[in-house]
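This report refers to the structure that appears directly beneath it.
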Amino acid sequence: MDSVEALVAHVQALSGNPEEVSHLHSLLKQSEDSLRSQASRLLPFLEQLDPSKHSLGYLYLLEAYSSGPILREQASGYLLTVVEFINSCSAEQIRLTPDKFVSVCKSFKDQVMQLQVAIQGVAPLRTAIRKLQTSSEHLTTLHPDFLLLCLLSKCYKAALSILDDDIFEVDQPRDLFLYCYYGGMINIGLKRFHKALECLHNVVTAPMTALNAIAVEAFKKYILVSLIHNGQVPSFPKYTSATAQRNLKNYTQPYIDLANCYVTGKFSELETSIQTNIEKFQADNNLGLVKQVLSSLYKRNIQRLTQTYLTLSLQDIAGAVQLKTPREAEMHVLRMIQDGEIFATINQKDGMVSFHEDPEQYKTCEMIEHIDSSIQRLMGLSKKLSSIDEHISCDPAYLTKISRERQRFDFDDFDSVPHKFLQT
Amino acid sequence: MDGDDEGVAGPMGDEAMFLNGGDDGHQQQRGIKAAMGGEQMDVEAYASLYTGRTKVVRLLFIADRFGNDGIQLEALRLAYDEIKKGEDSRLYREVAGKIACRLGPQYALDQAWADAVARRAEQRKDKLDNELNVYRTNLIKESIRMGYNDLGDFYYAHGQLGDAFKNYVRTRDYCTTSKHIIQMCLNVILVSIELGQFLHVSNYVGKAEQTPESPDPITVAKLRCAAGLAYMEAKKYKLAARKFLETGPELGNNYTEVIAPQDVATYGGLCALASFDRTELKNKVIDNINFRNFLELVPEVRELIHDFYASRYASCLEYLENLKPNLLLDIHLHDHVGALYTQIRHKAIIQYTHPFISVDLHMMAGAFKTNVSGLEKELKALITDNQIQARIDSHNKILYARHADQRNATFQRVLLTGVEFERDVRAMLLRANLLKHEYNQRAPARKA
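Dropping the structure here:
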């Protein structure tokens with residue numbers, strides 16, 4: 000009892016400047032166990048602390064409290080406390096003990112999910128991520144949780160600000176797997192298929208020594224989204240881990256059959272192939288995507304027609320892509336023209352469609368701006384690349400490995416050795 | 000041609016001559032017409048082009064293919080006669096079984112003959128084996144080679160091709176001169192073709208061509224034919240065409256146990272049509288004096304090649320259609336007729352459209368003796384394969400050539416490449432980071 004009060008007093012006294020805070024940090028570490036043992040009684044003490052000034056002490060108490068069981072009637076109060084803390088805490092202080100902060104946020108997330116109010120957790124967790132991460136390229140453990148809440152509450156747009164950051168630094172591989180998987184799902188929800196592909200591609204090709212369920216599920220979605228977006232599934236790039244290359248296909252047979260069927264371009268065959276595996280798709284919660292795959296085949300077949308024909312009657316279009324009536328064909332063509340997927344005009348009098356070439360001439364200001372922004376982005380990226388290259392060539396672990404390798408090679412060809420490693 | 004035929008067949012059938020002397024004359028009486036001409040196949044004329052085993056095998060092939068009783072029996076009868084000249088009792092029983100007494104008592108199974116042949120074979124085999132053993136103990140290279148060669152010949156004559164192959168290959172270690180090597184190679188090639196193992200064929204053609212002394216022109220021509228066959232079986236029609244076109248006129252009737260000069264013209268002509276472009280066709284086929292000699296033997300093929308080159312596609316395709324039933328009966332070509340025909344047809348269509356900016360589909364359909372919708376389908380397939388750069392105006396039935404806008408295409412490609420590069424680099428950096436992480440995670444474990 001005394002110790003908690005004394006601790007609170009310490010916290011209040013020692014939160015002024017960085018030296019005091021680090022002293023306080025060591026004090027708090029020592030009393031961690033006693034705090035945990037009194038978890039249930041800690042709530043009143045929190046009120047004596049100011050979350051913005053005494054963030055570190057507040058965090059320790061809050062973490063100890065949340066590690067114990069939280070009663071139902073206290074839950075909403077607890078949520079409020081955490082939200083307030085997240086919003087007002089000082090980023091410098093909480094970064095001293097990121098794991099405590101993460102554990103508070105995790106228990107917060109669990110509570111939100113238990114109470115089925117995922118939407119309440121979206122904004123606080125986004126703030127929490129921003130406070131926790133050292134730069135926007137840093138993937139924290141909170142990222143997947145945040146995306147999960149966005150998914151559950153269907154607030155896909157809220158996730159964009161986080162998803163659009165390029166991630167380069169990763170603490171835990173598992174975080175990355177989940178982050179990319181959820182990110183892929185959110186992008187699918189927003190119909191940003193190329194982004195979704197990027198995310199799922201990262202999961203599938205991530206280095207792994209053992210297969211994991213996330214990768215399997217991601218690969219299933221990857222196949223479907225590739226079909227919708229590109230009309231085919233690319234083979235594994237050579238940097239894919241051997242484990243993934245060898246095993247993924249065994250777990251995703253219905254999807255691979257589907258992809259093989261899709262390539263033939265025959266609508267009825269695809270439909271029967273879907274029907275035979277419909278239970279599996281349903282069990283995987285991918286039926287919606289599978290249906291999108293099916294309807295994308297119409298589009299793809301119509302697009303293919305634009306390559307071969309200048310004019311074609313709606314009747315023939317309907318025949319070629321296996322639509323029942325010219326009317327349906329007209330609807331499809333119309334929609335595709337609206338979406339900018341094909342360039343064509345419909346002549347309703349004769350029932351003819353004339354296909355045109357892409358009218359883009361790459362002369363407009365917008366296009367030039369677009370190109371310029373791409374160039375800028377690529378330049379930034381290549382700067383980053385060379386800095387990382389420099390960094391690696393100074394890395395002691397890398398150098399020892401190189402020198403060890405070098406002994407094995409003749410002196411003549413040692414020059415080629417560093418290149419070999421730079422590429423990986 | 001007649002005399003030649005008899006001459007080659009003679010030594011093979013020496014021992015069996017006394018049984019079927021009467022039939023022999025009858026067979027050659029009818030003379031030789033153009034083998035490939037006309038709707039109905041003249042089996043006798045066709046058979047007379049070949050000698051040895053291939054004649055029997057080809058006849059049996061025709062018999063198997065034909066539902067038509069008359070031609071089937073005709074083929075079987077000729078095969079029966081031919082086998083009786085040889086010593087292959089197993090094949091004999093098979094053919095006799097197939098005839099199933101439909102040709103009267105003269106062509107029933109002659110059990111006594113078969114048994115006699117089998118008995119003689121047994122004796123001869125023992126004799127050859129003994130001889131070989133003696134040679135081997137004496138370690139005389141040349142004799143051992145001869146021994147194996149005799150055994151190979153023996154097995155070949157009796158239809159045990161696998162054993163024949165083995166024995167011929169064994170002679171290889173005892174070959175001392177390039178002449179021996181070439182003989183060995185030719186033997187192996189012959190057996191391999193019969194066995195349908197064309198990998199061996201090209202293998203041994205290569206070996207034969209590598210001998211230091213250049214072989215005589217006839218052998219060269221034989222090797223070219225064999226190589227051509229091997230390439231054709233591997234569906235490498237262009238290479239096959241080259242080999243057939245290189246075949247010298249010395250071939251004549253010297254390789255009838257494998258291929259007739261008529262075949263060289265047909266195979267070479269069709270493969271060339273299917274795979275060569277216009278200039279090649281002109282330089283290597285039409286202006287090729289050697290090959291012209293072969294083409295004279297099969298005027299239909301000559302005509303269709305000239306028609307193709309002169310863009311008279313309708314008559315070219317007509318010739319092809321007429322040839323088709325007979326080609327399907329060819330033991331080597333039948334598998335490839337379909338593929339070659341589609342390739343030739345596609346080539347014709349591509350060539351037809353090439354010089355035009357716009358083509359009226361009605362006219363084109365007339366030139367190809369087909370209707371507009373069928374032609375449209377073919378064109379569509381070719382455009383989708385990117386073999387014709389054009390688009391169809393299905394409303395007015397006109398084909399318009401398409402000229403890609405280089406500038407736009409370049410812009411498109413550049414932007415795409417940029418996006419891809421960006422994506423790949425980002426993914427790579429991420430992976431690099433993960434790998435680093437794994438390394439960090441392992442490091443403490445190693446210390447402990």
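So the protein sequences, as listed, match chains A and B. Numbering that gives the first Met the number 0 applies: residue 0 is where the first sequence begins, and numbers increase by one. Numbering that gives the first Met the number 0 applies: residue 0 is where the second sequence begins, and numbers increase by one. C-beta atoms are modelled at their ideal positions from N, C-alpha and C, and glycine is treated no differently.
With respect to the C-alpha of S33/A, the residue from L60/A, I345/A, H53/A and P17/A having the closest C-alpha is L60/A. Note that the segment 263–270 of chain A does not touch the segment 333–350 of chain B; fewer than 3 beta-carbon pairs, one per stretch, sit closer than 8 Å.
Contact check for G230/A against R299/A passes: the beta carbons are separated by less than 7 Å.
Minimum Cα-Cα distance from K126/B among the listed residues V168/B, F153/B and L90/B corresponds to F153/B.
Within its own chain, the residues whose Cβ lies closer than 6 Å to the Cβ of Y236/B, once the five positions on either side in sequence are excluded, are C270, A273 and S274, listed in chain order.
Contact between the segment 64–81 of chain B and the segment 113–124 of chain B is absent: fewer than 3 CB-CB pairs across the two stretches fall below 8 Å. Near chain A, meaning a CB-to-CB distance below 7 Å, the residues of the segment 415–426 of chain B are G417, F420, E421, R422, V424, R425 and A426.
Judged by DSSP in its simplified three-state form, L328/B adopts coil rather than helix or strand. Under DSSP, F354/A takes part in a beta bridge, and its partners are A343/A.
Close CB contacts of I180/B within its chain, under the 8 Å cut and outside five residues either way in sequence, are with R171, C174, K206, A207 and T210 (chain order).
Annotated three-state conformation of I397/B is strand, per DSSP.
The contact set of E197/A on chain B, defined by CB atoms closer than 9 Å, consists of R422, R425 and A426 in chain order. Nearest CB-CB separation between N370/B and chain A: not below the 7 Å threshold. With a threshold of 7 Å between beta carbons, L141/A makes no contact with chain B. With contact defined as three or more Cβ pairs closer than 8 Å, the segment 96–108 of chain A and the segment 73–85 of chain A are in contact. With respect to the C-alpha of A264/B, the residue from I139/B, R64/B, D404/B and L244/B having the closest C-alpha is L244/B.
Beta-bridge annotation (DSSP): T255/B is not paired with any residue. Secondary structure of V111/A (DSSP, three-state): helix. I391/B carries a strand assignment under DSSP once its states are collapsed to helix, strand and coil. Beta-bridge annotation (DSSP): H137/A is paired with E168/A.
For V10/A, the three-state secondary structure derived from DSSP is helix. Distance between V20/A and A12/A, taken at the CA atoms: about 10 Å. If only complete runs of 4 or more residues are kept, the segment 161–218 of chain A shows the alpha helix (DSSP H) at 172–188 and 192–204, in order along the chain. Within chain A, the C-beta atoms nearer than 7 Å to that of F410/B come from Y361, in chain order. Not flagged as an interface residue toward chain A: Y254/B, since no C-beta distance is shorter than 7 Å.
For L311/A, the three-state secondary structure derived from DSSP is strand. In this structure I336/A touches A343/A by the C-beta definition: roughly 6 Å separates them, less than 8 Å. For V358/B, the three-state secondary structure derived from DSSP is strand.
The beta-carbon of R123/B is placed no less than 7 Å from the nearest beta-carbon of chain A. Contact annotation: Y180/A and A217/A have beta-carbon atoms nearer than 7 Å. Contact annotation: in the segment 155–189 of chain A, residues whose CB is within less than 7 Å of a CB in chain B are D165, I166, F167, E168, V169, P172 and L175. Comparing C-alpha distances from I341/A to each of E62/A, L309/A, H193/A and N276/A shows the shortest one belongs to L309/A. 7 Å or more divides the Cβ of V232/A from the Cβ of A214/A.
With a beta-carbon spacing of about 5 Å, K368/B and A313/B fall inside the 8 Å limit used to define contacts. The alpha-carbon separation between G15/A and S225/A amounts to approximately 55 Å. Comparing C-alpha distances from L189/A to each of A122/A, G67/A and L288/A shows the shortest one belongs to L288/A.
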